[in-house]
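To start, the structure itself, in structure tokens.
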Amino acid sequence: MTGTLSLDRLAGRIGDGALLALPPDYSFVPMAAVRALVRRGARDLHLLTVPQAGIAADLLIGAGCVATVETAAVSLGELGNAPRFCAAVEGGRVAIRDSTCPAIHAALQAAEKGVPFMPLRGLIGSDLLEARPDWRVIDNPLADGGSDPIVLLPALRPDVALFHAPYADEHGNVWLGARRELVTMAHAAKETLVTVEEVRSGNLLADETLAAGTLPALYVTALAEAPRGAWPLGLAGRYEPDRAHLAEYARLAASEEGFAAYCAAHVTDTTADESTGLIAAE
Amino acid sequence: MSPQQTALLIDVIAGMLGGLGRVAVGASSPIPAAAAMLARERGGGRPTVSLLGTQAGSDMTDGGRELFDRAGQGRIDAFFLGGVQIDGGANINLIGTGPHPAASKRFPGSYGSAYLYFVVPRVILFRVEHTPRTLVESVDFISAPGTSPPEVYRPGGPYALVTGRCVFRFDAARGRFRLASLHPGHDLGEVRAATGFDFDCDEDPPTTPVPGAETMALLRGPIGRALAEVYPRFAATFLGGSREA
Chain A
1 MTGTLSLDRL
11 AGRIGDGALL
21 ALPPDYSFVP
31 MAAVRALVRR
41 GARDLHLLTV
51 PQAGIAADLL
61 IGAGCVATVE
71 TAAVSLGELG
81 NAPRFCAAVE
91 GGRVAIRDST
101 CPAIHAALQA
111 AEKGVPFMPL
121 RGLIGSDLLE
131 ARPDWRVIDN
141 PLADGGSDPI
151 VLLPALRPDV
161 ALFHAPYADE
171 HGNVWLGARR
181 ELVTMAHAAK
191 ETLVTVEEVR
201 SGNLLADETL
211 AAGTLPALYV
221 TALAEAPRGA
231 WPLGLAGRYE
241 PDRAHLAEYA
251 RLAASEEGFA
261 AYCAAHVTDT
271 TADESTGLIA
281 AE
Chain B
283 MSPQQTALLI
293 DVIAGMLGGL
303 GRVAVGASSP
313 IPAAAAMLAR
323 ERGGGRPTVS
333 LLGTQAGSDM
343 TDGGRELFDR
353 AGQGRIDAFF
363 LGGVQIDGGA
373 NINLIGTGPH
383 PAASKRFPGS
393 YGSAYLYFVV
403 PRVILFRVEH
413 TPRTLVESVD
423 FISAPGTSPP
433 EVYRPGGPYA
443 LVTGRCVFRF
453 DAARGRFRLA
463 SLHPGHDLGE
473 VRAATGFDFD
483 CDEDPPTTPV
493 PGAETMALLR
503 GPIGRALAEV
513 YPRFAATFLG
523 GSREA
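In the order they appear, the protein sequences are chains A and B.
Heads up: the first sequence begins at 1 in the numbering used here, then just goes up one per residue.
Heads up: the second sequence begins at 283 in the numbering used here, then just goes up one per residue.
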């Protein structure tokens, strides 16, 4: 691990044009780091949502940080469609690579295993397959006679996996609990950047019950402390989503002007994102 | 919708889940979630219910892929899908209308449909809006096809389509929907006019049964309270008052 960085230095490690993997919206979303990415003016990112995303992707797309998005869905959930995502796709301002949830999981698992592809059932007859020249249909070579077509998905190896977690220990091990898709993201990615609520003393790997839910420091490139770093989304077991703020985002992001006003108030203004506890520099 | 109309949809979907072992429900699906809970209550704990995208009610420990792995293993008996458009061949479109990729109206995306539709034996399509805009002759984009050629591995597929006006059952051999029942207050002529595709139908289709007092009591009691943990706003339909978190 490189060490514990400030939030802005952590975001600075994500280069323009990177293939960036982000977690789904229900928890552990690195919203503070996403805002830092917007502030640094990231460009031409290739976004991979694992397997779907919400406000994090919408914010990056609306701010012009994204060139392509590979996703099973981008949505604000009960608050409706993700307005900046929909507008950007309709306007042709981002290139969309439509996928389906298990295809994204499986392609990351291929990278995790260091194999070139993973087969997946389903998909045949879907227009998703027609729109994805990188997906290949072969005849199952192990079938007992007869034709058995099956889709092969090339391994997906993100340049950077980025997520938020409740805590890390002083060795850089990160506790993720049952969020195994984040473990897979980290295994598959070249670099993994993590923001945490806090860094605790001790060693997570020394306790068997905690070790089972821990991402070892080996996979973690750098950490930044970001208290309430998932806000306005929630962090399971820690804090609830800020529903009033999310509803305000949905309302404002419906127009370009409203989105700009939102960014001026909550992204450019860094009050919410003062990173604390800088321990070591790069 | 009134609580009675909502309860009717919950009741009719719950009736399709009786006797099954395991039901999974996607995110932002309060009516299917309520139906699955109602079926579980009636079945004395069977089917088991997995609600996705929520911490409360999740019984999965292997991350986002576990639902799909379970389905691939044959451990999910029923699931629910919707669609921006659904056509007469049960092809579903969750992506948007107009050309792809630069849609004229873009929606979130296909989620897990392009996989689950193939491997879950009983997929119930649910879309309250029943208009020529949603139920179309032919979808603009096939997120997942209703039927597949015989050589394609497909233990699963569409079972029924439940809308705000009626219930269709899917006839896989004919690759067509058959009207199963009309909800109270709706008639065949109206449903034909509101449906963009042709479907099979008896001359005098039955009426969808109205949920009984016992079902309403369950929805106002244990089901409503369980739902409130995940869908507080929706659960208030039955519990009354404002229970928004």
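Ideal Cβ positions, reconstructed from N, Cα and C, are used throughout, including at glycine.
Just so it is clear, the structure is predicted and the values come from calculations on it, not from any experiment.
Can you pull the chain B residues whose beta carbon is under 7 Å from the beta carbon of A:P149, in chain order?
Counted from its first residue, the first sequence places residue 149 of chain A at position 149. Ordered by position in chain B, the residues that pass the 7 Å Cβ test against A:P149 are E433 and V434.
Taking a contact to mean a Cβ-Cβ separation below 9 Å, would you say A:S74 touches A:A95 in this structure?
Translated into the one-based positions of the first sequence, residue 74 of chain A becomes position 74. Translated into the one-based positions of the first sequence, residue 95 of chain A becomes position 95. Here residue 74 of chain A turns out to be Val, not Ser, going by the sequence shown. Taking 9 Å as the Cβ cut-off, A:V74 and A:A95 do not qualify as a contacting pair.
Check the Cβ-Cβ distances between B:L376 and every residue of chain A, and say whether any is below 9 Å.
Here the question's residue 376 of chain B lines up with position 94 in the second sequence. The beta carbon of B:L376 sits closer than 9 Å to some beta carbon of chain A.
Answer yes or no: the CB of A:S6 versus the heavy atoms of the ligand GDP, is any distance below 8 Å?
Among the ligands in the structure shown, none appear at all, so the ligand GDP cannot be discussed.
Per-residue contacts from A:E78 into chain B (C-beta, under 7 Å)
Along the first sequence, read from residue 1 onward, the residue named residue 78 of chain A stands at position 78. By Cβ distance, chain B contributes S310.
Count the other CB atoms, across all protein chains shown, that sit within 10 Å of the CB of B:E411; report buried if there are 16 or more and exposed otherwise.
Mapped onto the second sequence, residue 411 of chain B falls at position 129. It is exposed - the Cβ of B:E411 has fewer than 16 other Cβ atoms within 10 Å.
Taking the Cβ atom as the reference point for each residue, do A:P149 and A:I124 lie within a distance shorter than 9 Å?
Numbered from 1 along the first sequence, position 149 holds the residue referred to as residue 149 of chain A. Numbered from 1 along the first sequence, position 124 holds the residue referred to as residue 124 of chain A. Inclusion of A:P149 and A:I124 in the CB contact set at 9 Å is warranted, their separation being smaller than that value.
Given that B:D344 touches chain A, what residues does it touch there, using C-beta distances under 7 Å?
The residue labelled residue 344 of chain B in the question sits at position 62 within the second sequence. Simply R180.
Can you check which of these residues, B:G522, B:L334, B:F362 and B:A296, is closest to B:G438 by C-alpha distance?
In the second sequence, the residue the question calls residue 438 of chain B occupies position 156. Measuring from the Cα of B:G438, the nearest candidate turns out to be B:F362.
Would you check if there are 3 or more beta carbon pairs closer than 8 Å linking the stretch 388–396 of chain B to the stretch 415–429 of chain B?
Because the criterion of three Cβ pairs below 8 Å is met, the stretch 388–396 of chain B and the stretch 415–429 of chain B touch.
Roughly how many whole angstroms lie between the Cα atoms of B:A315 and B:I292?
Locating residue 315 of chain B in the second sequence gives position 33, where the first residue counts as 1. Locating residue 292 of chain B in the second sequence gives position 10, where the first residue counts as 1. Cα to Cα, B:A315 sits roughly 9 Å from B:I292.
At 4 residues or longer, and completely inside the stretch 303–350 of chain B: list those alpha helix (DSSP H) runs for me, N to C.
Runs of the alpha helix (DSSP H) spanning 4 or more residues and lying entirely within the stretch 303–350 of chain B occur at 312–324, in chain order.
DSSP bridge partner residues for B:G378 (one or two, in chain order):
Taking the first residue of the second sequence as position 1, residue 378 of chain B is located at position 96. The secondary-structure analysis by DSSP pairs B:G378 across a beta bridge with B:R388.
For A:R97, the nearest candidate out of A:Q52, A:A212, A:S201 and A:P119 (CA to CA)
Within the first sequence, numbered from 1, the residue matching residue 97 of chain A stands at position 97. Nearest option by C-alpha distance: A:Q52.
Check whether the stretch 319–328 of chain B touches the stretch 368–380 of chain B, counting contact only when three or more Cβ pairs, one atom from each stretch, lie closer than 8 Å.
Touching, no, given that fewer than three Cβ pairs across the two stretches are closer than 8 Å.
Mind checking whether A:A224 and A:A33 have CB atoms under 9 Å apart?
The sequence position of residue 224 of chain A within the first sequence is 224, counting from 1. The sequence position of residue 33 of chain A within the first sequence is 33, counting from 1. Yes, these two residues count as a Cβ contact at 9 Å.
Check this for me: beta carbons of B:F400 and B:R451, under 9 Å apart or not?
By one-based count along the second sequence, residue 400 of chain B stands at place 118. By one-based count along the second sequence, residue 451 of chain B stands at place 169. Cβ atoms of B:F400 and B:R451: not closer than 9 Å.
Candidates A:E198, A:A106, A:A165 and A:L233: which alpha carbon is nearest A:D25's?
Reading the first sequence from its first residue, position 25 is the one you call residue 25 of chain A. With distances taken between Cα atoms, A:D25 lies closest to A:L233.
Step through the CB atoms of chain A and report whether any lies within less than 9 Å of the CB of B:S395.
The residue labelled residue 395 of chain B in the question sits at position 113 within the second sequence. Contacts with chain A at 9 Å (Cβ-Cβ) include B:S395.
Could you spell out the range, first to last residue, of the alpha helix (DSSP H) harbouring A:D98?
For the purposes of this step, residue 98 of chain A is taken as residue 98 along the first sequence, with counting starting at 1. Careful: A:D98 lies outside any alpha helix (DSSP H), inside the beta strand (DSSP E) at A95 to D98.
Name the residue from B:V449, B:P432, B:A353 and B:M283 whose alpha carbon lies nearest to the alpha carbon of B:L464.
Numbered from its first residue, the second sequence carries residue 464 of chain B at position 182. Nearest C-alpha to B:L464: B:V449.
Are A:L176 and A:F28 close, meaning C-beta to C-beta below 9 Å?
Translated into positions along the first sequence, residue 176 of chain A becomes position 176. Translated into positions along the first sequence, residue 28 of chain A becomes position 28. Here A:L176 is near A:F28, since their CB atoms are less than 9 Å apart.
Per-residue contacts from B:I424 into chain A (C-beta, under 9 Å):
Indexing the second sequence from 1 puts residue 424 of chain B at position 142. G125, S126, D127, L128 and E130, listed in chain order.
Positions along the stretch 12–38 of chain A whose CB lies within less than 9 Å of some CB in chain D:
In the structure shown, chain D does not exist; the protein chains are A and B.
Rounded distance between the beta-carbons of A:V160 and A:I55, thought under 8 Å
The residue given as residue 55 of chain A occupies position 55 in the first sequence. The residue given as residue 160 of chain A occupies position 160 in the first sequence. About 19 Å separates the CB atoms of A:I55 and A:V160; that is not less than 8 Å, and the two are not in contact.
Below 7 Å between beta carbons is the criterion; list the residues of the stretch 89–115 of chain A that meet it against any residue of chain B, in chain order.
Flagged, chain order: V89, E90, G92, I96, D98, T100, C101, P102 and H105.
Helix, strand or coil for A:P133? Go by DSSP, reduced to three states.
Reading the first sequence from its first residue, position 133 is the one you call residue 133 of chain A. Coil, per DSSP.
Determine the DSSP secondary structure at A:R39, reduced to helix, strand or coil.
By one-based count along the first sequence, residue 39 of chain A stands at place 39. Judged by DSSP in its simplified three-state form, A:R39 adopts helix.
Measuring CB atoms only, is the stretch 197–214 of chain A touching the stretch 169–185 of chain A, in the sense that at least three cross pairs come out at less than 8 Å?
Taking one beta carbon from each stretch, the stretch 197–214 of chain A and the stretch 169–185 of chain A have 3 or more pairs nearer than 8 Å; the two touch.
Which residues mark the beginning and the end of the alpha helix (DSSP H) in which B:I505 is found?
As a working note, residue 505 of chain B is residue 223 in the second sequence. Per DSSP, B:I505 belongs to the alpha helix (DSSP H) from P504 to A510.
State the CB to CB distance for the pair A:T184 and A:Q109, rounded to an integer number of angstroms; the pair is presumed to be in contact (CB under 8 Å).
On the first sequence, residue 184 of chain A is found 184 positions in, with the first residue counted as 1. On the first sequence, residue 109 of chain A is found 109 positions in, with the first residue counted as 1. That belief holds up - the Cβ atoms of A:T184 and A:Q109 are roughly 6 Å apart, short of 8 Å.
Does A:Y239 pass the burial test, meaning 16 or more other C-beta atoms within 10 Å, or should it be called exposed?
By 1-based counting over the first sequence, the position of residue 239 of chain A is 239. Looking at its Cβ environment, which holds fewer than 16 other Cβ atoms inside 10 Å, A:Y239 is exposed.
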